[in-house]
Each structure stands twice: as C-alpha cells, then as structure tokens.
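Participant: Residues 1 to 543 (UniProt numbering) make up the sequence shown, in order.
Glycine included, each C-beta is placed from N, C-alpha and C at the ideal position.
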Amino acid sequence: MSYIADKIIVNGNIHTMDDINETAEALAIYGDQIIAVGSNTEIKALADKNTQMIDAQGQLVLPGFQDTHIHFQATSADFFHYVPLHEMKTMDDLLSEIERFCRENPHKEWIKGIGFNPSIFNENNLTKERLDAVTGGRPALIFSFDYHSGWANSEAFRVAGVTAASPEPASGSYARCADGSPKGYIYEDAIWAMNRFSPSFSDEDYFEAMQHYCKVFNQHGITGILDAVAPRKTMENYQALNQQGHLTLRVAATSKIFAHLPLAEQLQELLSLREIYADDMVSLHSAKFFLDGVLESGTATLLEPRSDTGTTAPLMFDQPQINEFFTAFDKEKFQLHVHTIGDGAVNAALNGIEYARQMNGAWDSRHQLAHIQLVTGSDFPRFKQLGVYGNVQPLWAQPDPDNDKIALEMLGEERCRQIFPIGELVRQGMVCALSSDWGVSTFDPFAIMQTALTRQVSGASESSPAHNPHYRIDIDTAIKGYTINAARAAWREKTTGSLTVGKFADLIILNQDLYTISPYEIEKTKVLLTLLGGKEVYRAPSY
1 MSYIADKIIV NGNIHTMDDI NETAEALAIY GDQIIAVGSN TEIKALADKN TQMIDAQGQL
61 VLPGFQDTHI HFQATSADFF HYVPLHEMKT MDDLLSEIER FCRENPHKEW IKGIGFNPSI
121 FNENNLTKER LDAVTGGRPA LIFSFDYHSG WANSEAFRVA GVTAASPEPA SGSYARCADG
181 SPKGYIYEDA IWAMNRFSPS FSDEDYFEAM QHYCKVFNQH GITGILDAVA PRKTMENYQA
241 LNQQGHLTLR VAATSKIFAH LPLAEQLQEL LSLREIYADD MVSLHSAKFF LDGVLESGTA
301 TLLEPRSDTG TTAPLMFDQP QINEFFTAFD KEKFQLHVHT IGDGAVNAAL NGIEYARQMN
361 GAWDSRHQLA HIQLVTGSDF PRFKQLGVYG NVQPLWAQPD PDNDKIALEM LGEERCRQIF
421 PIGELVRQGM VCALSSDWGV STFDPFAIMQ TALTRQVSGA SESSPAHNPH YRIDIDTAIK
481 GYTINAARAA WREKTTGSLT VGKFADLIIL NQDLYTISPY EIEKTKVLLT LLGGKEVYRA
541 PSY
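#1: Let me know if T516 comes out buried or exposed under the rule of 16 or more other beta-carbons within 10 Å of its beta-carbon.
#2: Tell me whether the beta-carbon of A489 lies closer than 8 Å to the beta-carbon of T68.
#3: Does I191 get closer than 8 Å to chain D when you measure Cβ to Cβ?
#4: Evaluate contact between the region 324-336 and the region 345-361, counting only Cβ atoms and requiring at least three cross-stretch pairs below 8 Å.
#5: Can you name, in chain order, every residue of its own chain whose Cβ lies under 7 Å from the Cβ of M410, other than the five neighbours on each side?
#6: Considering only the alpha carbon of each residue, which of P63, I70, I14 lies closest to V392?
#7: Please report the Cβ distance between P139 and S198, rounded to the nearest whole angstrom; I am assuming they are in contact, meaning their Cβ atoms lie under 8 Å.
#8: On the CB-based measure, 16 or more other CB atoms within 10 Å of its CB, does D203 come out buried or exposed?
#9: Going by DSSP, what residue range makes up the alpha helix (DSSP H) through N323?
#10: What did DSSP end up calling T68 once you bin it into helix, strand or coil?
#11: With a CB to CB cut of under 8 Å and the five nearest residues on each side skipped, what residues in its chain are close to S119?
#12: Beta-carbon separation of G377 and G224 under 8 Å?
#13: Check each candidate in L336, P445, G390, S461 and name the one with the smallest Cα separation from Q428.
#14: Expressed to the nearest angstrom, what Euclidean distance is found between the alpha-carbon atoms of Q211 and H246?
#15: Taking DSSP as the reference, what is the three-state secondary structure of H15?
#16: Quick one: grab the DSSP three-state call for D227.
#17: Look at the alpha carbon of V159 and the alpha carbon of K128, and state the distance between them as a whole number of angstroms.
#18: Beta-carbon within less than 6 Å of Q319's beta-carbon, same chain only, minus the 5 sequence neighbours each way: which residues are those?
#19: Compare the Cα-Cα distances from L62 to each of G481, F289, D279 and report the closest residue.
#20: Ignore the nearest five residues each way along the sequence and tell me which others in I4's own chain have a CB closer than 6 Å to its CB.
#21: When you compare each of V537, G12, R472 to Q398 by their alpha carbons, which one comes out closest?
#22: Going by DSSP in three states, H81 sits in which element: helix, strand or coil?
#23: For a quick check, are the C-beta atoms of F334 and H260 less than 8 Å apart?
#24: Can you give me the Cβ contacts of T299 inside the same chain, cut-off strictly under 7 Å, excluding the 5 residues immediately before and after it?
#25: Go ahead and pull the three-state DSSP assignment for P182.
#26: Below 8 Å between beta carbons: does that hold for I8 and A24?
#27: Buried or exposed: A133, going by 16 or more other Cβ atoms within 10 Å of its Cβ?
#28: Please confirm if the region 85-100 is in contact with the region 219-234, defined as three or more CB-CB distances below 8 Å between the two stretches.
#29: From R130 to L510, what distance separates their C-alpha atoms?
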C-alpha cells in the first residue's frame, strides 16, 4: 500500500544510524512514522498539495537524541522550585544566596536548595549553625549537585528527630560533633531519610516543572530519556502528563532497589510497574541498584585502599546479596541499571551479572553500569564478554581543580590516570550510551559530546589541559551514544534510534555538521527543528 506523506524533509544531510542505508537526502513521514528514506526525487514523489515540505537546506539531520541516565522529574521540580546553588564558589556567596531565597519566599515551610559543590563545601565548613544563621528558624535541607551529600540546619534535625542517640540510616550517615550530635553535613541515604520529613511537591508542582523542561530538552534535540530512579508516583505523574498532552519526551524508567528491604516485595512492585507502564511514551523496564557512592564524598568503593587513609567505603549491597538480587531480577527479564563509581563497585556488579547469567542463562539483557569512573584492568574485557553496556557521562571527564585534587589525594597518580576510561572500554568492545545524569550536571548533549572528544573544559583549544586524553572517543561513537546505542540501552531500538522505515519520526535538524566541524565547535551547535513522532515540538525562531 502506498501513502501520500504528511511531511517530507528534502535537501538534507541525513545520517540515519541505519547500517543498511547510512545516509540519504530526504525522508517521508505519515502519521507518526517514517515511511520512506531516499533521494530527493524518490521522496518528492510521495507528496501532494497537502504535504508539508521541510527544506533542510543541506543541514545535518539525525535521529532525536536520547539521554538514558537522567533524573528528569525530580530535577525538573528541584530546579524549578528550589534555590539554585551550582555557581556558588565561596561560603559568603552560598549563604547570601540562601538568605535571599528565604527572604523572597516567606511562605515556604521548609527551605530547600540544590547544587553546592562537595569538592568545595564539606562537613568541615557546612555546619548546622551556619545554615541556622540565614534560614530564620525554618527547617532547611540543601542538596549537593550530585545528590550524594547534603546540609541541614538545627530545626531540620529537630523535626527529623536526629540526635546524638540516633543510629545511622541504612546506606548513609550523619557527620557528628564530638558529643555525637549531628554536625550539619549528611551523606547518601541519610539525605532521603531526612527529606521524608519535608513537604512533598504537589502533582501540580511536578507538572509545571516537567512541562517547562520538556520544551527546554526538545530545544536541545532530546526526544527520549531514561529516568534513573522512578518509583510508582513518578510513573503516575509521567503518565498523567502524557494524558494531558504535555509530555514531549519518550520516557523509559528504572526503579530503585534497596538493600534493607525484602527482595520478594521489591520484585513484585517492579513486576506490577512494568505491566502498567509499557507503552511507547511511558514505560518501566529495569531495576536500579546503587552499589557505592561517589569519590568526592569518600563513599566510592575501591578494590585497593585509598592512598590517603588506607581505607575504602563498603558496598551498599554485599556480594552475596548482589548475586541474589541480580539473579532474581534477571530471571524475570528485567534489565539491571547499576550505579558504579569505584573499581570495587564495577567489579562487584560484573561479578553479580556473571553469576546471574550462570544461574539463568544468557539472554539479550543489555544490563548496564552507569558512571564507571574507575575500572581494574582485568574487568575491561568483561563488558563485551557479558554483553554489559556502559552508560557514561563524559562531561565529568574534564579538568576540574577541586575534584582532581580530591582524586589525587585518594587514589594517587597512577590510579588517577585511569579515571573515566571511556575510550578504552569502547576499544575493548563495550557498547556505549552517552548521558548526562542531570541534575548532577548539564543535560546539553553538545557540551557533553564535545567533552567526550576533547576531555577538556568548555572554550578550550587543542593546547589546553586535558583530562586523561588517551580515553577520548570519536564523533561517530559519540553520536551513536546519543542515538542508536541509547535506544538499544533503553530497549526501544525497534521503534527509535535510527531514521528507518517503520520507526517513529523522532528527528532533529542541526545548524552545523558535527562530523566535519572541529571538536571545539560542537558545543556551539544549535537545533533548528525537533520532531517527535512526526509532530513539531521545537522550531528555532530563525528557521
């Protein structure tokens, strides 16, 4: 059956990410799908007077980008409703900004903030008394930019009932004064134990924030995401926003599994969520495990002890529990999505996946490790051997004086030369998906791809300092990491990820050719047009 196209894109420099037809001049769309890809002449034959013609004017056309490790709903609300502290470099600036927010928001029951840098601000300077001085008696809870540490004032500890006699929460801790009372700084899951005492966002708060950031993401060429921590209420909100017609991102999701909760109950919850949320716009398909924390807070798990203290942080699940939990979820055909920073966590995750494979047999699981800051040499080939994907955040692989100083003290020079070994993992056959972990850092895919190629800061030149440049990747790997490999990582390559007949017409037109420009120009790229299922969700004013 032949169709007359609803939309046609002509005169494009189309890179399809389809291995059979890699490039084309034009494509045709009917409804929400691509119905033909080929030459201008071939595709124009599918038009009539009602067909919308889009002249790409020789510009690069790609599948829409997919960010497959992001905290979209939570970060949207945090950034929209909390005091932003990402740019604060001094204690005076930090306190001044919190004080301003308190003054301008007298109606807020709690003062909440996001974004302080734990490489600059830590348990030695973020005391409860300092926060007391600018929050006027209201409880306050401030999150670091990576959500692995936090800062609370005296009233927040009082409301949460945290005293010198309080035990440490599972997978978290409180910095303590000499008498055992909370000092002000909090680590890992202690943050969420305290956060439960603060008011939750309303559904309307979430909808307002998500609707805003959906448009912002579309403007940057993003048409799909994977929410890395999505409990039932988060999934309900995504579905509701979609039913309202305001969700302009395809959402896949993973839900967090806890070491201290019963395995059977958590498995049944994910089975229920997977059955309910299983359409092309909102789906849940994987189980999220945090095996360690982050280097900056000293909560990353290392195979060899730290150079400075001779210690290392424990795993959040021990190896027998990892094996048991991984095997149970793998048996039910859930993908495993595992937070791994230190080489000890990476090794434990690979061991658990290998064990599950031995128990259940091999299948196309595409289990993935996220972050992968440090890998021991013998674990590099195991990614390919076990079919494990790498879900990496290249923006972190750039010179950062504060973080680099911490890493050097903790790891020593030799191990620091092995940080974020993305290029070596790719060379050894790992399938690589690029992502942002927003709100830990920017979601801008062009800034992230530039760093993946250069391992240098924004605005750098070839002669600027680079962070482990031997681990750079090329532009083809980077683009695939945001398109077809990202779709594979999210288990939706049958419908997205390439500009192929029968797939959704999720595509973008850019103002410059990423394949031919200097890597140092990538971050300047602008999106001219974004289509989601053939529907225009962003158009640049000048296009």
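Facilitator: So, from the listed chains and residues:
#1: exposed
#2: yes
#3: Here chain D cannot be found, since the structure has a single protein chain.
#4: yes
#5: L295, R306, S307, D308
#6: I70
#7: 7 Å
#8: exposed
#9: 319-331
#10: strand
#11: E296, D400, D402, N403, K405, I406
#12: no
#13: G390
#14: 6 Å
#15: strand
#16: strand
#17: 14 Å
#18: A348
#19: G481
#20: D48
#21: R472
#22: helix
#23: no
#24: H148, Y187, E188, D292, G293, A313
#25: strand
#26: no
#27: exposed
#28: no
#29: 47 Å
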